[in-house]
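See below for the structure under consideration.
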Amino acid sequence: MKVLFIANCVPMRGGNMSLLQLMKELSQPPYNVEPVLLTTFDLERYSSSIVKEASALGIRCITARFYPFKWYYSKSPMSFIKYSTNFLNYRRILKTVRKEKFDVIHSNSSIIDVGGYLSAKLKIKHVWHLREFGDLDFNMKPLFGKWQERRLYRNGDRFIAVSESIKKRYLPYISPESKISVVYNGLPIVKQMPETDIRQDSDEVRFCISGAVNEAKRQEDALKAMDMLVNLRNIRNLHLTIIGDGYYRERLERFVEEKNLTEFVTFTGWIRNADEYYSSSDVGLMLSANEGFGRVTIEYMRAGLAVIASNSGANPELVEDGKTGLLYPTGDVGKLCDMMERMVTNPGLRQALAAAGHEFSMTHFLSADNTKSVYNLYLS
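This is the structure:
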């Protein structure tokens, strides 16, 4: 089986990391799928991209110019101009792809429609992976309104939603409902939780928050909670590490300086592997208002961290409040501050949540299960 995967060439965030793992596992026995990646031009300003990562795995990549139909600022004249060039872009891509015998086209994002165009022209089945809300998480909206979504999603033979929350978001645009399957993202199991807790070497409780640094991920809420804990409640045996990079970082750094939190907060920038930071942390924060899945939440659990998450998006599907983590009302910095204080002052609770979360993550959200489900969907 030969599959054309289509993705945005953006920094290696959760959606592209999950796709990379899927392509890697599908290319191996017992599936032996031949994956080919079609993506937008590789941009040198990114520290990493799916083109670089896929090429390192020996996956052949085709780069071309195309633009999404959902934009952060949907009324910007430039967004309309760029999207209008897809009329020519898609014809060039079609000429390239037509030469090959693909069995399935697999689009990795809800915001790009080139897969639907190719599917219609080449009469190839199209699987559309819905990984993000678009509007609720990144404020991305279709250029021509909801009717455009409804029209474009007709070009999907099957849809994969990464959570029940995502499925609910897209149901009004897709009919019949049986075309949508919920397949949770999966992570490979690479190691077990350490038998000895290396985090007991210090009285300092270390928090971390991982992901693209932007408004949607709400790192600023974590900093506001740190300000309350350090400057109002005089709790000083704690530290926050912000793992990732993005346009919002400068604003966060100014906040840290203004609140005299420099010794309590560390910015790492983009890193390839966050394991070293997870291994020296105690608590992982997932604060997004509307997280489509929350890959890093499972990463936290696998690494043996206790989890604090907002109670919106897919977070309640991954975290059972009081058992595998703590949930707080999204955006309520006071409640978040209270939960962080509980983690600092109650090591027993912290360790119990971490242990339960780790056990849960080792039996759920496995990449092998994800790959098998996707492959069976191809066969159907």
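According to the working numbering, the sequence shown is numbered sequentially starting from -3.
Here a beta-carbon is modelled for each residue, glycine too, at the ideal position from N, C-alpha and C.
Checklist entry - Three or more beta-carbon pairs under 8 Å between the stretch 92 to 112 and the stretch 137 to 154, yes or no? => result Enough Cβ pairs lie closer than 8 Å, so yes.
Checklist entry - According to the neighbour-count rule (16 or more other Cβ atoms, all chains shown, within 10 Å of its Cβ), is residue 305 buried or exposed? => result Indexing the sequence shown from 1 puts residue 305 at position 309. Burial check for residue 305: the Cβ neighbour count within 10 Å reaches 16 or more, so the residue is buried.
Checklist entry - So is residue 366 buried or exposed if we call it buried at 16+ other beta carbons inside 10 Å? => result As a working mapping, residue 366 is identified with position 370 in the sequence shown. Flag for residue 366 reads buried.
Item to check | Closest by C-alpha distance to residue 85, when choosing among 113, 275, 14, 347 | outcome: Mapped onto the sequence shown, residue 85 falls at position 89. That would be 113, whose Cα lies nearest to the Cα of residue 85.
Checklist entry - Cα-Cα, which of 116, 51, 79 is closest to residue 139? => result By 1-based counting over the sequence shown, the position of residue 139 is 143. It is 79.
Checklist entry - Leaving out the 5 sequence neighbours to the left and right, which residues in its chain are closer than 7 Å to residue 214 when beta-carbon positions are compared? => result Position 218 of the sequence shown holds residue 214. Excluding residues up to 5 positions away in sequence, 283, 284, 285 lie with their Cβ nearer than 7 Å to the Cβ of residue 214 in the same chain.
Next on the checklist: Rounding to the nearest angstrom, what Cα-Cα distance links residue 20 and residue 53 in this structure?
Outcome noted: The residue you call residue 20 lines up with position 24 of the sequence shown. The residue you call residue 53 lines up with position 57 of the sequence shown. Note on geometry: alpha-carbon atoms of residue 20 and residue 53 lie some 7 Å from one another.
Next on the checklist: Using DSSP's beta-bridge definition, name the partner residues of residue 121.
Outcome noted: Residue 121 sits at position 125 when you count from the first residue of the sequence shown. For residue 121, the pairing in a beta bridge is given by DSSP as 100.
Item to check | Contact under 8 Å by Cβ, residue 288 with residue 266 | outcome: As a working note, residue 288 is residue 292 in the sequence shown. As a working note, residue 266 is residue 270 in the sequence shown. By the CB criterion at 8 Å, residue 288 and residue 266 fall outside the cutoff.
Checklist entry - For the putative contact between residue 318 and residue 296, defined by C-beta atoms under 8 Å, what is the C-beta separation to the nearest angstrom? => result Counting from 1 along the sequence shown, the entry for residue 318 is found at position 322. Counting from 1 along the sequence shown, the entry for residue 296 is found at position 300. Going by Cβ atoms, the distance from residue 318 to residue 296 rounds to 17 Å, so no, they are not a contact pair.
Checklist entry - Per the contact definition of three or more C-beta pairs closer than 8 Å, is the stretch 352 to 372 in contact with the stretch 170 to 183? => result Yes: the two stretches touch, three or more of their Cβ pairs being nearer than 8 Å.
Checklist entry - Which of helix, strand or coil does DSSP assign to residue 381? => result Residue 381 cannot be examined here, being either before or after the span of the chain that is shown, -3 to 376.
Next on the checklist: Give me the residue from 23, 211, 1, 251 with the minimum Cα distance to residue 33.
Outcome noted: Counting from one through the sequence shown, the residue named residue 33 turns up at place 37. For residue 33, the nearest C-alpha among the options comes from 1.
Checklist entry - For residue 128, which of helix, strand or coil comes out of DSSP? => result Residue 128 sits at position 132 when you count from the first residue of the sequence shown. Note: residue 128 maps to coil in three-state DSSP.
Next on the checklist: Assuming contact is defined by CB atoms lying nearer than 8 Å, are residue 58 and residue 5 in contact in what I supplied?
Outcome noted: By one-based count along the sequence shown, residue 58 stands at place 62. By one-based count along the sequence shown, residue 5 stands at place 9. Going by C-beta atoms, residue 58 is not nearer than 8 Å to residue 5.
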